[in-house]
Amino acid sequence: MNQIHNPSNLAAIDLAHHLHPFGDMKQLGEKGVRVIARGEGVYIYDSQGKKYLDGFAGLWCVNIGYGRREIADAVSRQMNELPYYNSFFGTTTPPTALLAQKITAHTGGRMNHVFFTNSGSEATDTWFRMARVYWAALGKPTKTHVIARRNGYHGSTVAGASLGGMKHMHEQGNLPIEGISHIGQPYWYAEGGDLSPADFGLKAARELETKIDELGEDNVAAFVAEPVQGAGGVIIPPDTYWPEIARICRERNILLVADEVICGFGRLGTWFGHQHFGFEADLAPVAKGLSSGYLPIGGVLVSDRVARVMIEEVGDFNHGYTYSGHPVCAAAALENLRIIEEEALVERVRDDIGPYFAAAWKSLEDHEVVGQAESIGLIGGLQLAADKSTRQRFAKPDDAGVAVRNHCLENGLVMRATADRMLASPALIITRSEVDQMIETVRGGLDHLREQRL
Ligand code: PLP
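Structure representation (structure tokens):
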């Protein structure tokens, strides 16, 4: 039966049999699930026919927007030609090889290899093992510890959830695993106190140096962070942060891992987030925007420094997934990258729609319940505040965010809230009038929050 015509039945079937990721199943039982049936451009439609502007591009991933027939055609061609073959034991497929060439071509000549995975979480597990294997091959087997950040997000596998700094994830399943430590996040608004953003950026970065001293340089393999922390609230670091982190990693001889799963493929107006901040990554997990979410695929971009050791010293890396470099997913990703290049979407974000979005987003700062509105490219974080003059937060930050988010949803805009920060990450093809529509709806949500007097 066509799901558009039988929405309530489908929602009931789903609730009876589908355990959802990151969704309170008890609450869903009372509130019901939304069935998303169709997408076109920046819009999605639920099974009741209601239209929403997707201000979040799915889960930060549908960079080229919904409904691109070119991708469906490329996938169909590849399905008919060769639906599957693996890349174990010295084989590859045409789209896999071409995709490896195309992705690495955007790294400025520094990262000429990629290891394919099916998701960002698998990419995390991959670089985590690779970093340890790299040091062991260089005769430093004690360099195994990895330092990450509180509130960072690197996926849901055991290593991913452990490296992530999400308390509610650590509380389930006895995490983090051994060999992982967390330092603070560069979240000036909440944690900067009386320091200027620049001084706070340095202070937050120097926590890394302190942690390395505590653990001993010979025991530390890598530091990982998202160039702009996404799920942890779109935390845009002060300008001083990344140069200092890069200096510390260089001087202390630990690998710098830039988690590009959200920032990669144009979101910041550069191909990769570390390029925006001007630092060099040794390893960079990618996923999401690599295929714009049309099919699952991820990978780890590997710098020449690490690749040389993996090839010449290690040789056989005993690691891989049945679907690493899956030809159909690779064909979808290849076509996606072709569209991003042909439509100059990265340049569009940098020079045109990004600056337009930045000005529109910033205009929300005049609202009484907004403490700060920040963005880079097409990613934005909006800090809600009970008293903006003193940076005082709402007594129940989660309730504040949920109030705005739900109001937006009722009014046809999908946004995300992380506690008292509203997050936006629309498709890179969003138009100016769609940005205006987004901002107007968010403003409505902010008015609603003010009226709630939380
Ligand atoms: N890394 C970052 C920065 C992410 O935002 C995510 C997912 O949101 C992941 C890794 C995990 O990716 P996946 O959900 O594809 O496993």
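Residue numbers for the sequence shown follow UniProt numbering, so the first one is 1 and each next one is one higher. C-beta atoms are modelled at their ideal positions from N, C-alpha and C, and glycine is treated no differently. Since the model is a prediction, treat every value here as computed from it, not as a measurement.
If you run the structure through DSSP and keep just helix, strand and coil, what is Asp194? coil
Say yes only if the C-beta of Ser119 is nearer than 7 angstroms to one or more non-hydrogen atoms of the ligand PLP, and no if none qualify. Yes - the ligand PLP has a heavy atom lying nearer than 7 angstroms to the Cβ of Ser119.
The beta strand (DSSP E) with Arg437 in it runs from where to where? The question names Arg, but residue 437 in the sequence shown is Gln. If you look at Gln437, you'll find it isn't in any beta strand (DSSP E); it sits in the alpha helix (DSSP H) that goes 432-452.
CB-CB under 6 angstroms to Ser291, same chain, minus the five flanking residues each way: which ones, in chain order? Ile297, Ala332, Ala333, Asn336
For a test of the three-state rule: what should DSSP assign to Met111, helix, strand or coil? coil
The ligand FMN heavy atoms versus the CB of Ala333: any closer than 7 angstroms? This structure lacks the ligand FMN; the ligands present are the ligand PLP.
Length of the line joining the Cα atoms of His274 and Glu30: 43 angstroms
Starting from Asp125, trace the alpha helix (DSSP H) both ways and give me its first and last residue. Residue range 120-137 is occupied by the alpha helix (DSSP H) that includes Asp125.
Given this structure, state the Cα-to-Cα distance separating Ile177 from Ile44, to the nearest angstrom. Per the coordinates, the alpha-carbon of Ile177 lies some 39 angstroms from the alpha-carbon of Ile44.
To which residues of the same chain is Met25 closer than 7 angstroms at the C-beta, ignoring the five residues directly before and after it? Leu19
Tell me the DSSP secondary structure of Ile4 in three-state form. Any reading at Ile4 needs caution, since the residue's pLDDT is 48, under 50, leaving its predicted position unreliable; the model's value is listed next. Looking at Ile4 - three-state DSSP - the assignment turns out to be helix.
State the DSSP-derived secondary structure class of Gln372, mapped to helix, strand or coil. strand
Would you mind stating whether Glu280 and Ile248 have Cβ atoms separated by less than 8 angstroms? no
Helix, strand or coil at His168 according to DSSP, with G and I counted as helix: In the structure shown, His168 sits in a helix (DSSP, three-state: H, G or I).
Less than 7 angstroms separating the Cβ of Asp259 from some heavy atom of the ligand PLP? yes
Run the CB neighbour count on Met1, radius 10 Å, all protein chains shown included, and call it buried at 16 or more, exposed below. Residue placement at Met1 is poorly supported in this model, since its pLDDT is 40, which falls under 50; the coordinates are not used for a value here.
Quick one: what's got a C-beta closer than 7 angstroms to Ala400's C-beta in the same chain, skipping five residues either side? Excluding positions up to five away in sequence, the list reads Leu384, Phe394, Asp420, Leu449, Leu454.
Nonlocal neighbours in the same chain, by C-beta distance under 6 angstroms from Thr240, ignoring five residues either side: Ala198, Gly201, Leu202
Going by DSSP in three states, residue 460 sits in which element: helix, strand or coil? Nothing can be reported for residue 460: it is not among the residues displayed for the chain, which extend from 1 to 454.
Pick helix, strand or coil for Gly67, following the three-state DSSP scheme. coil
Pick from Ser363, Ile376, Gln452 that is closest to Val404, judged by C-alpha positions: Gln452
Rounded to a whole number of angstroms, what is the C-alpha to C-alpha distance between Glu341 and Glu171? 42 angstroms
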